[in-house]
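Residue numbers (the numbering used here): 46 to 217. Don't be surprised by glycine CBs; every beta carbon is placed ideally from N, CA and C. Remember, it's a predicted structure, so these values are computed and weren't measured experimentally. A short worksheet on the structure shown next.
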């Protein structure tokens, strides 16, 4: 009923409105509502894994909501992005309530891995009384604000992490 009630609205996508992701294609065919996958992807860290998400039809799927902290980081997220791009699907990187350090990492990933920028789900730091980093991760007027006072070595750290070669002592 919801999908029929909002048919005349300009909805970008609706994230997994059904408990059974195998019924999303049928919902899209009946209503035309554009859909997004989110939680279904949690059970398939990569598009190559043999998990139920691999078998979900992409018909009617307009976006994948990717949470790197759940998917397993850079490489798995990159595989989902490449899979989505091959299928003409947008990607949205999103937080699962990471600290400011994690949010900065996701913002960096979005900048590096996505050719098309969609609003990212990164405005969760406002819910934390304190953060692990100073200055705090900041979103102003819907835009990420990278602080000038961060160490210049941040690029080196992010590069080391993105290559997957980070050892415990590397970031001291």
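Exclusion of the five residues before and after residue 87 leaves 115 as the residues of its chain whose Cβ lies within less than 6 Å of its Cβ. C-alpha of residue 157 to C-alpha of residue 185: approximately 21 Å in a straight line. Residue 68 sits exposed, since fewer than 16 C-beta atoms from the chains shown fall within 10 Å of its C-beta.
Pairing residue 142 with residue 169 gives a Cβ-Cβ distance under 7 Å.
Residues 48, 49 and 52 of the same chain have their beta carbon placed closer than 7 Å to that of residue 76, with the five preceding and five following residues left out of the count. If you keep only unbroken beta strand (DSSP E) runs of at least 3 residues inside the segment 58-130, you get 80-82 and 106-111.
The alpha-carbon separation between residue 171 and residue 144 amounts to approximately 10 Å.
If the five residues before and after residue 126 are omitted, its C-beta is found closer than 6 Å to the C-beta atoms of 136 and 158, all from its own chain and listed in chain order. A residue is called buried when at least 16 other Cβ atoms come within 10 angstroms of its Cβ; residue 182 meets this threshold and is buried.
In the DSSP assignment, residue 151 falls within the unbroken alpha helix (DSSP H) covering 145-158.
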